[in-house]
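> The end of the sequence shown is residue 173 by the UniProt record's numbering, with every number in the run present. Ideal Cβ placement from N, Cα and C applies to all residues, glycine included. These numbers were taken from a predicted model, which means no experiment stands behind them. Have a look at this one before I ask anything.
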Amino acid sequence: MNQINISLAQPEDLDTIYEITTIVAKALEDNLYFSPDSKEITSLHIIERGFTLLASCEEKVVGFLAVRIPQSDNDNLGYDISMSKTELHKVAHIETVAVLPNYRGKGLHVKLLNEAEKLIRDQGLHYSMATVYPNNRYSLNNFLNRGYKIVKTTEKYGGLLRHIVYKDLFCEV
C-alpha cells in the first residue's frame, strides 16, 4: 500500500465523507456493526462540535474518523459511567471510523485513532470514549489494543447493544 496521509477534513469534504459512510454501510454483512450519521450530523463533526480526520492514499480519501466534543449534551457517554459535571466537559467521542473495503486490514483505524488522540489531548480533553458493537471484533480490538477499556455494555441508538469503551488520555501505560 502506498503512503497514507492524515489530514483534517474541511467543509468541502462533506460529500466525500458521506459517500464513504454509504459505501461502508452497504458493504457490511450485518447492519448492526455500523450506525451511520446523517449528512447534517456529519457536518457538525467537521465544522462546529469536533473534528474529522481523513485518511488519503494517492490523494483519494479512503477512510475517516469523526470526533465530537459532547460537553453536557444528554448523550455524553460520561453520563453512562456516572462522571461528574466537571469531568463531562473533558470527554471526546470517537463517533465514527469508516474505511473503504479495499483498504481495510492495513492499520488505518489505528493510525486515525492515534492522530485523533493527539488532537483531543492538544485541546485539553482527558477522556476518549466510543461505542462499539460487541460482535465487531476488529474495531473492538483496535480500541482495546490502544488501551481502551470496556466500561459498560448497554443499549444505544434506539436499542442497539453497544460496548462503551473509555481511555484516560493522560494515564498512558
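1) Is it the case that the Cβ atoms of Gly78 and Leu65 are separated by a distance below 8 Å?
2) Out of Glu19, Ile20, Ile164, Ala55, state which residue places its alpha-carbon closest to the alpha-carbon of Lys106.
3) If you check the beta carbons only, do Thr154 and Asp75 fall under 8 Å apart?
4) Got a sec, what are the start and stop residues for the alpha helix (DSSP H) Phe64 sits in?
5) Buried or exposed for Arg137, please, with buried defined as at least 16 other CB atoms from any protein chain shown within 10 angstroms of its CB.
6) I'd like to check one pair, Ala116 with Leu169: are the Cβ atoms closer than 8 Å?
7) Enumerate in chain order the residues of its own chain whose CB-to-CB distance from Val132 is below 7 Å, with the five nearest sequence positions on each side excluded.
8) Distance cutoff 8 Å, beta carbons only. Does Glu115 sit that close to anything in chain D?
9) With Ala98 and Gly63 assumed to form a contact (beta carbons below 8 Å), what rounded beta-carbon distance in angstroms separates them?
10) Which ranges does the beta strand (DSSP E) cover as unbroken runs of at least 3 residues, wholly within the region 80-109, from first to last along the chain?
11) In three-state terms, what does DSSP make of Phe51?
12) Just verifying my parser: in three-state terms, what is the DSSP assignment at Tyr166?
Based on what the coordinates show:
1) The sequence position of residue 78 within the sequence shown is 78, counting from 1. The sequence position of residue 65 within the sequence shown is 65, counting from 1. Taking 8 Å as the Cβ cut-off, Gly78 and Leu65 do not qualify as a contacting pair.
2) Working through the sequence shown from its first residue, we reach residue 106 at position 106. Lys106 has its Cα closest to that of Ala55, out of Glu19, Ile20, Ile164, Ala55.
3) By 1-based counting over the sequence shown, the position of residue 154 is 154. By 1-based counting over the sequence shown, the position of residue 75 is 75. The answer is no: Cβ separation not under 8 Å.
4) On the sequence shown, position 64 is the one that residue 64 refers to. Premise fails: Phe64 lies in the beta strand (DSSP E), 60-68, not in any alpha helix (DSSP H).
5) Counting from one through the sequence shown, the residue named residue 137 turns up at place 137. Classification of Arg137: exposed, given that the 10 Å Cβ count is below 16.
6) Indexing the sequence shown from 1 puts residue 169 at position 169. Indexing the sequence shown from 1 puts residue 116 at position 116. No, they are not a contact pair.
7) Your numbering for residue 132 matches position 132 in the sequence shown. Closer than 7 Å at Cβ, skipping near neighbours: Ser139, Leu140, Phe143, Arg162, His163, Val165.
8) Looking at the structure shown, chain D is missing, and only one protein chain is on hand.
9) Within the sequence shown, the letter at position 98 stands for residue 98. Within the sequence shown, the letter at position 63 stands for residue 63. Their Cβ separation, rounded to whole angstroms, is 6 Å, which keeps Ala98 and Gly63 in contact under 8 Å.
10) 91-99
11) Within the sequence shown, the letter at position 51 stands for residue 51. Three-state DSSP puts Phe51 in a strand.
12) Within the sequence shown, residue 166 is the residue found at index 166, counting from 1. Looking at Tyr166 - three-state DSSP - the assignment turns out to be strand.
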